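Read through the structure below, which is laid out as C-alpha cells, and then see the notes.
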Amino acid sequence: MINPNVTIEVMMDGVESTRVDRWLWAVRLAKTRPDAAEACRGGHVRVNDRTAKPSTTVVPGDTVRARLGDTTRIVEVVQVIQKRVGAPVAVTCYLDRTPPPPSVPAIPIAMRDRGTGRPTKRDRRVLDRWRAGQG
Numbered sequence: 001m002i003n004p005n006v007t008i009e010v011m012m013d014g015v016e017s018t019r020v021d022r023w024l025w026a027v028r029l030a031k032t033r034p035d036a037a038e039a040c041r042g043g044h045v046r047v048n049d050r051t052a053k054p055s056t057t058v059v060p061g062d063t064v065r066a067r068l069g070d071t072t073r074i075v076e077v078v079q080v081i082q083k084r085v086g087a088p089v090a091v092t093c094y095l096d097r098t099p100p101p102p103s104v105p106a107i108p109i110a111m112r113d114r115g116t117g118r119p120t121k122r123d124r125r126v127l128d129r130w131r132a133g134q135g
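Numbered by the UniProt record's numbering, the letters in the sequence shown go through residues 1 to 135 in order.
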C-alpha cells in the first residue's frame, strides 16, 4: 500500500537514488558489481566522508571517494543510474574531482659507454660525489 504522506522526487530517468555499489558499476568506475561491493565492504568507499556499505544510497550532489585497484577516484554524483551504460554516457553521470597525480621529477641515471669495463676507483668516487649531490 502506498503511503500518501510520503513525497518522492523523481529524476529524469525515474530514479531518485540507488545503491552505491550498483552506481559505481553502472558508471564504469568498477569493473564488476562484485568488485564494487567488495570495495565497500573493505572500507574503500566513502559517501560524503562516511564509510559506505554496499547498500548505502547515493543521490545527486553526493561526493563519492572510491579506492578501486590502486587508484583513488573522487567524484560528485550528477545523475543516478542503475543500468550499466556506455562510456560516453557514463562520464556525464558524474563530475570527476580527483586531483591530478603528483609529477615525479625525472632522476638522471649515470651511464657509461659500452665496452669501457668496470669503473675505476676515481670513477667510482666521482659517481659517489654526484649521487650525494642528487639525494
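Every residue gets a Cβ at the ideal spot worked out from N, C-alpha and C, and that includes glycine.
Remember, predicted model here, so these are calculated numbers, not experimental data.
Look up leucine 29 in the DSSP assignment and say whether it is helix, strand or coil. coil
Measuring straight from C-alpha to C-alpha, what distance separates valine 45 and alanine 106? Answer to the nearest angstrom: the Cα atoms are 33 Å apart.
Would the region 82-90 and the region 24-34 be scored as touching if the rule is three or more Cβ pairs under 8 Å? yes
Aspartate 113 (DSSP reduced to helix, strand or coil): Note: aspartate 113 maps to coil in three-state DSSP.
Own chain partners of threonine 98 with C-beta closer than 6 Å, once the 5 adjacent residues on each side are dropped: Arg73 and Ile74
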